[in-house]
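Counted the way the numbering used here counts, the sequence shown spans residues 13 to 196.
All C-beta atoms in this analysis are idealised placements derived from N, C-alpha and C, irrespective of residue type, glycine included.
The structure appears right after this line, and notes come after that.
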Amino acid sequence: PFSSHVGSKNDDDDCCQNTSPPTPPPPTPGSYTFSETTPEHAQEMQDKYMAQKYAEFKEACLERKLPEGCNSLAEWYLVVGKDANKAAQIYEENCQRRNFGPSCLHLGFMKLTGAKGLCEVDEDEAARMFEKACKMRKSGGGVERACHNAALMVLANKGTAIGAPPAPPADTTEQEAADKTKKQ
């Protein structure tokens, strides 16, 4: 029964014929296409969307105390609100009080780069934030990239290897350093 159908041309079966895609229905009254949107209307839509996102993030952070919501709120302040100080405050609180690794990582980036001039560069604090986010991996809240950044800071003599004794001063002899390590 199948072999008689395979390869036969059935005029009623047009599945294999070239057909053009269906024509979309005409716009309904009150609708518009993107090309009909004015720049002012596009800006208005963007502003409305950003206000909605801000309200969502604020509610998730301040009312529901969700670490992800606080991280998003801090990012909103940094990127959209251009308020690096407020972003840093939220990242700091989310990192320290909620132990949320991504916030520690973001705060580390801000401290390392100065957030394009929006906050003060503090390489030592950046190294501490990367190390903290890396250590949180053991509890499931850390970020792998933070370990990489912490290692880069160690290589740049800006941080300490996690779990390792501090490096001896440059004028310490090799034997003095070995003796000091044994005592720890």
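Residue i to residue j span [Cα, whole Å]
{"i": "Ala100", "j": "Ala86", "result": "7 Å"}
{"i": "Val155", "j": "Glu56", "result": "37 Å"}
{"i": "Leu117", "j": "Pro51", "result": "37 Å"}
{"i": "Leu164", "j": "Met148", "result": "18 Å"}
{"i": "Lys98", "j": "Ser84", "result": "12 Å"}
{"i": "Gln58", "j": "Glu105", "result": "29 Å"}
{"i": "Tyr61", "j": "Ala54", "result": "11 Å"}
{"i": "Asn111", "j": "Glu75", "result": "18 Å"}
{"i": "Thr125", "j": "Cys107", "result": "18 Å"}
{"i": "Glu137", "j": "Pro79", "result": "21 Å"}
Same chain, Cβ closer than 8 Å to residue i, five either side skipped, listed in chain order
{"i": "Lys128", "result": "none"}
{"i": "Lys94", "result": "Leu130"}
Residues near residue i by beta carbon distance below 7 Å, same chain, minus five either side
{"i": "Asn161", "result": "Gly120 and Phe142"}
{"i": "Ala96", "result": "Leu90, Met122, Ala127, Leu130 and Cys131"}
Three-state class that DSSP yields for residue i in the structure shown
{"i": "Asp136", "result": "helix"}
{"i": "Leu124", "result": "helix"}
{"i": "Lys147", "result": "helix"}
{"i": "Asn169", "result": "coil"}
{"i": "Phe112", "result": "coil"}
{"i": "Leu74", "result": "helix"}
Residues near residue i in its chain [Cβ-Cβ closer than 6 Å; skip 5 each side]
{"i": "Gly81", "result": "Phe69, Ala72 and Cys73"}
{"i": "Ala145", "result": "Gly113, Cys116, Leu117, Gly154, Val155 and Ala158"}
{"i": "Asp134", "result": "Lys123"}
{"i": "Thr49", "result": "none"}
Option nearest residue i by Cα separation, candidates the options
{"i": "Leu89", "options": "Ala63, Cys159, Arg149 and Arg157", "result": "This sequence places Tyr at residue 89; Leu is not what is there. Comparing Cα-Cα distances from Tyr89 to each of Ala63, Cys159, Arg149 and Arg157, the minimum goes to Ala63."}
{"i": "Asn169", "options": "His53, Lys60, Ala139 and Glu75", "result": "Ala139"}
{"i": "Tyr66", "options": "Arg76, Leu78, Arg110 and Val92", "result": "Val92"}
{"i": "Ile102", "options": "Asp59, Lys77 and Leu124", "result": "Lys77"}
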